[in-house]
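Each step along the sequence shown adds one to the number in the UniProt record's numbering, with nothing skipped, and position 48 is 48.
One structure below.
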Amino acid sequence: MRVYSTWTTPKRGGPRLKPVSFHPTTFRPSFILKDSGIPLTSIRCGDLSNVRKVPKLAHRLDRVLFQPLNYHFLQDPRSSVYNFNPYLQNLIPLKELNQKLLEGTFVPSEKDKNLLKLCQEHKTNFYTSTSAVTGILSHMHFLLSNMKGINGDVLSKNFKEKRFRFTKGATIPGVVLAMRKDTEGPDCPFSKRRYAIGADHSADNEIVLSLMGHFMERLLVCPPEIYNQFRADSKVPFEKVKETFHGESVYNFSKISNFILRSQLDCQDQRLPNGNKSFDIKTRAVCAVRHDISHVERDEYTGYQIVRAHDQYESFEREFYELMRSTMLKYSLQARIGNMDGIFVAYHNIEKVFGFQYLPLEEIDYILHSDTLESTLNTKNDVQDQDKIMGPLGTHTPDLKRILSTKIANTEYKFSMEIINRILCRILNKKSDPNVTLSDNYRIVFKTGKFKKKVYLFVLASPIDEQMVQRIQNVSKEISNTTLDKQIDIEKLLSGDNDSSESPLNEDLLKKNYKSFEHRKMVREINQKTSENAFGYRISVDHLFNGKHSKMAHPMPTSLDDDWALNTYVTSVRPSLAKFLYLKFLKEKEDICWRSLYDNETESEPDSEIYKEDDLSDSNSEIRSEADKMELHLRELAKDTEPSQYQQLLRAFGGKGRLREEKYRQKPPKHIQLVK
C-alpha cells in the first residue's frame with residue numbers, strides 16, 4: 001500500500017509526488033504499555049526464601065566478589081604462587097566422577113507442585129523457571145533494542161577484535177512448551193487456568209561442558225574432603241553422597257505481570273550490596289574447547305591455557321570478549337529474575353582451572369545497554385566539565401550512563417514479560433477463532449529478526465496433545481538407548497555407493513555419530529508433525545518518551561525522569577507463512593545445536609532478512625528431499641574432515657600449552673606457596 005506525501009491528488013502534468021511507507025503509528029496499536037503499570041514483587045515461600053541456607057564460596061574465593069570485573073589467577077603464571085587453594089587447579093576427570101549424582105539435579109517447572117500452588121494462590125495464569133524463559137526474553141531484548149550491539153569499552157584498547165554483535169548461538173530461536181496443569185475442566189474461564197511454561201530441549205545435545213559444569217559448581221562451594229566423595233570410587237554410601245551433592249534447593253520466587261517465576265540460588269554472601277545477596281555460579285570453558293568441542297571430547301584434553309590478563313589469545317580478555325557476545329545476555333536475565341547481585345565465573349579448559357571473575361549485575365547492564373548512550377546523550381565535553389562533575393550525583397555522564405543502563409534493563413524486563421503474557425493469552429484463549437485447533441498444550445517458537453528493514457518478533461504456535469508433549473520431553477532418553485538401525489545400510493554408506501569421487505568414511509566415526517543422526521531425524525519428524533496446525537503473530541513496537549514517538553535507531557531514555565511507554569502492534573500471520581516460519585526457525589535451532597560451537601560463536605548478521613517471500617515457493621521441495629539430506633548429513637558426520645584454519649590455530653596454542661606444562665614438570669617449584 002502506498003501513501004502520497006500530501007493529501008491532495010496529484011494532477012496530470014503536475015510534479016510527481018514521492019510515495020512514503022507507512023509508519024506503525026499510522027495504525028492503532030494492539031495495546032499500550034507503561035513501565036509504572038507492570039509491578040514486580042518478590043514472593044516469600046516459607047523457609048525456602050531463607051537465602052542464608054544457600055551455600056557460600058569455599059577456598060577463600062569470596063575475595064573475588066569484592067574486586068569486580070578484575071581477572072583473578074588461581075596460580076600466578078610468573079611466580080607460580082597460588083592465590084587460592086591449589087586443590088582447585090587440577091579437575092577430576094569426568095569419567096572418574098559419579099555421574100549418577102546428576103540425575104534429578106533439576107526439577108522442571110511443569111513438575112514443581114509448589115510452583116503450581118503459588119500460581120493458584122496469586123491467581124496468575126502462568127508459572128515458569130529461569131531456564132525456560134531466558135531464551136524467549138533474549139528475543140524480547142532484540143525487539144525492544146532494535147537489534148542493538150554491545151559496549152566493548154571495558155576491553156583494553158590494544159585488543160584487536162572490534163566486532164561487538166551477538167553471536168549466532170545467542171540469537172538461537174527460543175522454543176517453549178505451554179502445558180495446562182489445573183484441574184478445572186475444559187469449560188472453565190481462562191482466568192482460572194494454570195499453565196506451566198517449560199523449555200523445549202528436544203534438539204539440545206548433552207556435551208561434556210554441561211556435565212562438567214554441574215560438578216564444578218559443587219567444587220567451588222565444597223571443601224576437598226566433601227568433593228572427593230563425589231568420585232565414582234567413593235566408599236561413602238551413595239544415598240548420603242547424593243544428599244550432600246544436591247543439598248537443600250533454595251529458590252527466589254517473584255511475581256511479574258501474569259507470571260510466577262522461580263530461580264534457583266547457587267551461592268550467597270551477605271556482604272554483597274544488591275538484591276537478595278545471592279549470585280549465580282557459571283563455569284566457562286576456554287575458546288579452544290568451545291570452538292573445537294568434538295576434537296576435545298574425542299581426545300579428552302586441550303593444552304590451551306590462560307597465562308595473561310590481556311592479549312589476543314591465551315588471555316582472560318579473549319574469554320571475556322567471547323562471553324560478552326555469547327552468553328552475557330542470558331546471564332543478565334538469570335540474575336535479574338533471581339534478584340541476584342551478579343555472576344561468578346570460573347574459567348577452565350576441562351583439565352585445569354585458570355582463574356575467576358565476578359560480574360556485578362550493574363556492570364553487565366552497562367555492557368549490554370550502553371552501546372549507543374554516548375551519542376544519544378550528546379555530551380562529549382561533559383566528562384571534563386567541572387560544573388557537571390560537582391553537580392547532583394548521577395548527572396555526570398559516566399555515572400548517568402551506568403544508571404540509565406540499569407533503568408533500561410529493568411524496564412525492558414517488565415515490558416518483555418507483559419508482552420509475552422499478552423501473546424500467550426492470545427494463543428491459549430482462541431475459542432473465538434474457528435481456524436485454530438484448540439488444545440491444552442502448545443509448542444511455541446520465538447524469533448526476532450528483520451523483515452523489509454524493520455525489526456519484528458515472530459511468535460509461532462502449534463497445538464499438541466499430551467502424548468506429543470511426552471515425546472518432545474523424552475527425546476534425549478530415547479536417543480540414549482538407540483543402537484545401530486538395520487534400516488540404514490551401513491555397508492552402503494561405508495562404500496560411498498561405489499563412487500570413487502567420495503572420500504572414504506571412517507567406520508568408528510560413523511558409529512559414534514549414529515546417535516546424533518537418529519536424534520536429528522527424530523527431532524525433524526516431531527517438527528514436521530507438529531507444524532500442520534501452526535499459526536502465529538508478528539509483533540513490532542513503537543517507543544514513546546514523554547508522550548513523543550522516538551526517532552532513535554535504538555530507542556532509549558536520556559533521563560531518569562523520562563516517561564517510557566510502548567505502542568505494541570500484533571498482526572496475525574497467514575497459515576501458510578506460519579507453517580513455513582515454524583519449520584524454518586526450528587531447523588535454525590537444530591542446525592545451531594548440531595553445528596560446532598565455533599560456528600555458533602561467530603557473529604550473527606543483524607541486517608539480514610529473517611525471510612523473503614521467494615523462500616515460500618521452495619519450502620515444499622525442501623521437505624520432499626529431507627530424507628536424502630539426512631543421509632548426506634550422516635555421511636558428513638562420518639568423514640575425517642580437516643579442522644578449520646581457526647581450529648588449527650587454537651590447536652597450535654594447545655600444543656604450546658603442553659610444552660609449557662612439560663617444562664613446568666621438569667622444574668617444579670620446591671614448595672607450593674599460597675598467598676596468605
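Backbone N, C-alpha and C define an ideal beta-carbon position, used for all residues, glycine too.
- Inter-residue distance for residue 569 and residue 548 is about 17 Å (C-alpha atoms, whole angstroms).
- Counting only unbroken stretches of 4 or more residues, the alpha helix (DSSP H) elements lying wholly within the stretch 74 to 156 are 113 to 121, 130 to 144, in sequence order.
- By the Cβ rule, the stretch 237 to 248 does not count as touching the stretch 290 to 306, because fewer than three pairs are nearer than 8 Å.
- Shown here for residue 97: same chain residues with a beta carbon closer than 7 Å to its own, the five before and five after excluded, namely 215, 230, 231, 232 in chain order.
- Proximity to residue 461 across 424, 170, 469, 450 peaks at 424, based on C-alpha coordinates.
- In this structure, residue 261 places its C-beta atom within 9 Å of the C-beta atom of residue 133.
- Residue 447: member of the beta strand (DSSP E) spanning 441 to 451, first to last residue.
- About 16 Å separates the beta carbon of residue 178 from that of residue 131, a gap too long to meet the 8 Å contact definition.
- The beta-carbon separation of residue 68 and residue 363, rounded to 6 Å, stays under the 8 Å limit for a contact.
- Separation of residue 521 and residue 222 (C-alpha to C-alpha, rounded to the nearest whole angstrom) is 41 Å.
- Nearest in C-alpha terms to residue 333, of all of 524, 357, 33, 409, is 409.
- Taking C-beta atoms as the reference points, residue 360 and residue 342 count as a pair closer than 9 Å.
- Taking 9 Å as the cut-off, the Cβ atoms of residue 201 and residue 476 count as close.
- Put simply, the backbone Cα of residue 105 is about 29 Å away from that of residue 587.
- In this structure, the straight-line span from the alpha carbon of residue 164 to that of residue 183 is close to 48 Å.
- Taking a cut-off of 8 Å for Cβ pairs, the stretch 346 to 354 and the stretch 84 to 102 touch, as three or more such pairs fall below it.
- Contact between residue 358 and residue 284 does not hold, since their C-beta atoms are separated by about 13 Å, which reaches or exceeds 8 Å.
- Nearest Cα to residue 368 within the set 209, 108, 75, 153: 153.
- If you draw a 10 Å sphere on the C-beta of residue 565, you find 16 or more other C-beta atoms in it, and that means buried.
- A distance of 9 Å or more separates the beta carbons of residue 203 and residue 275.
- For residue 408, the enclosing alpha helix (DSSP H) starts and ends at 397 to 428.
- Beta-bridge partners of residue 288 (DSSP): none assigned.
- Excluding residues up to 5 positions away in sequence, 65, 266, 267, 268, 269, 272, 335, 340, 341, 342, 343, 344, 358 lie with their Cβ nearer than 8 Å to the Cβ of residue 279 in the same chain.
- Per DSSP, the unbroken beta strand (DSSP E) holding residue 567 starts and ends at 564 to 573.
- Beyond the five residues adjoining it in sequence on each side, residue 245 comes within less than 7 Å, by CB distance, of 101, 218, 230 in the same chain, given in chain order.
- Distance from the Cα of residue 469 is smallest, within the candidate group 181, 650, 583, for 181.
- Taking 9 Å as the cut-off, the beta carbon of residue 407 is found closer than this to the beta carbon of residue 560.
- Assignment of residue 656 by DSSP, reduced to helix, strand and coil, places it in the helix class.
- With contacts defined as CB atoms closer than 9 Å, residue 372 and residue 554 qualify as a contacting pair.
- In terms of CA proximity to residue 454, 610 leads the group 292, 610, 29.
- For residue 224, the enclosing alpha helix (DSSP H) covers residues 224 to 227.
- Judged by their CB atoms, residue 255 and residue 43 are nearer to each other than the 9 Å cut-off.
- With fewer than 16 neighbouring CB atoms inside 10 Å of its own CB, residue 188 falls in the exposed class.
- In this structure, residue 176 sits near residue 443, with a CB-CB distance shorter than 9 Å.
- Going by C-alpha positions, residue 404 is about 7 Å away from residue 557.
- With fewer than 16 other Cβ atoms from the protein chains shown falling within 10 Å of its own Cβ, residue 571 counts as exposed.
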